[in-house]
Amino acid sequence: QQQVKQSPQSLIVQKGGISIINCAYENTAFDYFPWYQQFPGKGPALLIAIRPDVSEKKEGRFTISFNKSAKQFSLHIMDSQPGDSATYFCAASSRGGGADGLTFGKGTHLIIQP
Amino acid sequence: EPEVTQTPSHQVTQMGQEVILRCVPISNHLYFYWYRQILGQKVEFLVSFYNNEISEKSEIFDDQFSVERPDGSNFTLKIRSTKLEDSAMYFCASSEWGTTEAFFGQGTRLTVV
Numbered sequence: 014q015q016q017v018k019q020s021p022q023s024l025i026v027q028k029g030g031i032s033i034i035n036c037a038y039e040n041t042a043f044d045y046f047p048w049y050q051q052f053p054g055k056g057p058a059l060l061i062a063i064r065p066d067v068s069e070k071k072e073g074r075f076t077i078s079f080n081k082s083a084k085q086f087s088l089h090i091m092d093s094q095p096g097d098s099a100t101y102f103c104a105a106s107s108r109g110g111g112a113d114g115l116t117f118g119k120g121t122h123l124i125i126q127p
Numbered sequence: 086e087p088e089v090t091q092t093p094s095h096q097v098t099q100m101g102q103e104v105i106l107r108c109v110p111i112s113n114h115l116y117f118y119w120y121r122q123i124l125g126q127k128v129e130f131l132v133s134f135y136n137n138e139i140s141e142k143s144e145i146f147d148d149q150f151s152v153e154r155p156d157g158s159n160f161t162l163k164i165r166s167t168k169l170e171d172s173a174m175y176f177c178a179s180s181e182w183g184t185t186e187a188f189f190g191q192g193t194r195l196t197v198v
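Protein sequence lines, in the order shown, are assigned to chains P and U.
Residue numbers for the first sequence follow this note's numbering, so the first one is 14 and each next one is one higher.
Residue numbers for the second sequence follow this note's numbering, so the first one is 86 and each next one is one higher.
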């Protein structure tokens, strides 16, 4: 019940295209859903996060869509650029924010082809 | 820009030895965390620390592990009697408050041989 399932494991998108990564969860106590971006040799960096009182949050080219009834959330990267090539992790916690007790997905290795 | 720094970047230790991984959180942050990532697997929560005590820990964080804030700037993770399966990347993170954005360090790669 604590799992967060992430797909796909890897994704190749052409420059300018839309990258979509999906996550699903079971624990209805989760109330905070961040996405992290990780470049090789670096730690995860918070990209964007959402709480279940909204269905969508947009920051620049990055959008989280959240479906509370389906217990799913997804990251959309619009106009994907080669610099977006990285590993993306979805996560969830029941702490309302921060990094306390985050449950991470297994990650998606995204490659943007020029 | 303030950042979380971790030392060493890579540590090799023999099975059964004790290791201490060090972290310097961002200076005005009050909440501190350790996570680990076994190669090719997901990032896993170990422990959170606030006000000089553990506030939350996972099942992974057993008696083999301990954390300490020995002075006003460092935050350490001690692993006693290391095992082969402790080999992983260990990430320290800090946040100003418990529900605000957490910043991760670049990690310490621990290799137990």
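All C-beta atoms, glycine included, are put in the ideal place defined by N, C-alpha and C.
Taking residue i as the reference, give the member of the options with the closest Cα.
| i | options | result |
| --- | --- | --- |
| U:K142 | U:S158, U:L162 and U:T90 | U:L162 |
| P:Q137 | P:I25, P:G56, P:Q51 and P:I33 | The first residue shown for chain P is 14 and the last is 127, placing residue 137 of chain P beyond what the model contains. |
| P:S32 | P:T76, P:G109, P:S106 and P:S107 | P:T76 |
| U:G125 | U:F189, U:S172 and U:L131 | U:S172 |
| U:Y135 | U:Q149, U:K127 and U:H114 | U:H114 |
| U:Q91 | U:I145, U:F176, U:T184 and U:T196 | U:F176 |
| P:T121 | P:T41, P:Q50 and P:K84 | P:Q50 |
Taking only beta-carbon positions, decide if residue i is within less than 8 Å of chain U.
| i | result |
| --- | --- |
| P:A99 | no |
| P:K55 | yes |
| P:L115 | yes |
| P:L88 | no |
| P:G73 | no |
| P:K70 | no |
| P:G120 | yes |
| P:F52 | no |
| P:F102 | yes |
| P:A42 | no |
| P:A37 | no |
| P:L123 | no |
Within 8 Å (strictly less), CB to CB, does residue i reach chain P?
| i | result |
| --- | --- |
| U:Q191 | yes |
| U:F176 | yes |
| U:A187 | yes |
| U:T92 | no |
| U:T184 | yes |
Taking 7 Å as the cut-off, does the CB of residue i come closer than this to any heavy atom belonging to the ligand FAD?
| i | result |
| --- | --- |
| U:L169 | By its list of ligands, the structure shown contains no ligand whatsoever, and the ligand FAD lies outside what it can speak to. |
Would you mind stating whether residue i and residue j have Cβ atoms separated by less than 8 Å?
| i | j | result |
| --- | --- | --- |
| P:A58 | P:Y45 | no |
| U:Y116 | U:S179 | yes |
| P:A104 | P:G118 | yes |
| U:R165 | U:E103 | yes |
| P:P65 | P:F79 | yes |
| U:Q191 | P:K71 | no |
| U:V128 | P:F102 | yes |
Using a C-beta to C-beta distance shorter than 9 Å, which residues of chain B count as neighbours of residue i?
| i | result |
| --- | --- |
| U:S180 | No chain B is present in this structure, whose protein chains are P and U. |
For this session: Check distances from the C-beta atoms of the stretch 131–147 of chain U to those of chain P and list, in chain order, the residues that come in under 8 Å.
Result: S133, S140, E141 and S143
Exercise. Relative to chain P, which residues along the stretch 103–132 of chain U have a C-beta separation below 8 Å, given in chain order?
Worked result: Y116, Y118, Y120, Q126, K127, V128, E129 and F130
Exercise. Fully enclosed by the stretch 27–103 of chain P, which beta strand (DSSP E) runs are 3 residues long or longer?
Worked result: 32–38, 46–51, 58–63, 69–72, 75–80 and 85–90
Problem set entry | Ordered list of beta strand (DSSP E) runs contained in the stretch 113–148 of chain U, each at least 3 residues | 116–122, 128–135 and 138–142
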